[in-house]
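**Student:** Okay, handing you the structure first.
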Amino acid sequence: MKAFLTPILALAACAGCASSARHGGAWIDPMHAVHLAAAAQGRPVAGVFALTVQASDRGEDRIWLNSERDYRDPRNLTIVVLEPAARELGEQLGGDPVARLRGRRIQVTGQARRTRIDFMHDGRATGKYYYQTHVHVTRAAQLRLL
Numbered sequence: 378m379k380a381f382l383t384p385i386l387a388l389a390a391c392a393g394c395a396s397s398a399r400h401g402g403a404w405i406d407p408m409h410a411v412h413l414a415a416a417a418q419g420r421p422v423a424g425v426f427a428l429t430v431q432a433s434d435r436g437e438d439r440i441w442l443n444s445e446r447d448y449r450d451p452r453n454l455t456i457v458v459l460e461p462a463a464r465e466l467g468e469q470l471g472g473d474p475v476a477r478l479r480g481r482r483i484q485v486t487g488q489a490r491r492t493r494i495d496f497m498h499d500g501r502a503t504g505k506y507y508y509q510t511h512v513h514v515t516r517a518a519q520l521r522l523l
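Take any residue in the sequence shown, count from 1 to its spot, add 377: that is its number in the numbering used here.
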């Protein structure tokens, strides 16, 4: 019986180590951030998040850095960099952060939050929606290259 239980206990211990290293380590990966934000039911989830920027874009007063190529992918973690921080990042990176950060691995300190996105038609919400997970960056110091 002891010979049977020892390998099972060893496997269980290893599985626990792998889980805690991935989720309790130095940072939180995008998939885990999405799950944590969904479970938090609207409350922010503070942490350090790491991702490779697969897609990026610029809006009127912000840039978006996405962990997935399609920002609508439910697994996507979106880093929303507000304009003052985006400008400062551009100075630090020596160019437009939208282009400079695409394909790069980054670490972001902040709060992940599930955000409702309404589908619009002629400027009005259609009643259909989906959720994205966002981390807002207001200071360039919140983001660093890995």
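All C-beta atoms in this analysis are idealised placements derived from N, C-alpha and C, irrespective of residue type, glycine included.
Using 8 Å as the cut-off, can you tell me whether the stretch 410-428 makes contact with the stretch 462-479, which would need three or more C-beta pairs spanning the two stretches below that distance?
**Tutor:** no
**Student:** Residues in its own chain within less than 7 Å of Gln-488 by CB, not counting five upstream and five downstream?
**Tutor:** Leaving aside the five residues that flank Gln-488 on each side, the residues in its chain whose CB is nearer than 7 Å to its CB run, in chain order, Pro-421, Val-422, Ala-423 and Val-512.
**Student:** Taking the straight line between their C-alpha atoms, what separation do you get for Asn-453 and Leu-478?
**Tutor:** 16 Å
**Student:** Taking Val-430 and Ala-462 to be in contact with their CB atoms under 8 Å, please state how far apart those CB atoms are, rounded to whole angstroms.
**Tutor:** For Val-430 against Ala-462, the beta-carbon gap comes to about 15 Å, at or over 8 Å, which does not count as contact.
**Student:** Of the residues Leu-520, Ala-432, Ala-416 and Arg-521, which one's Cα is nearest the Cα of Arg-446?
**Tutor:** Ala-432
**Student:** Round the Cβ separation of Val-457 and Arg-482 to the nearest angstrom and send it over; I've been treating them as touching at under 8 Å.
**Tutor:** Rounded, the Cβ-Cβ distance is 18 Å, inconsistent with contact.
**Student:** Contact defined as beta carbons within less than 8 Å: I believe Ala-414 pairs with Thr-510. What is the distance between those atoms, to the nearest angstrom?
**Tutor:** 5 Å
**Student:** If we count the other Cβ atoms within 10 Å of its Cβ and call it buried at 16 or more, is Leu-442 buried or exposed?
**Tutor:** Classified as buried, Leu-442 has 16 or more neighbouring CB atoms from the shown chains inside 10 Å of its CB.
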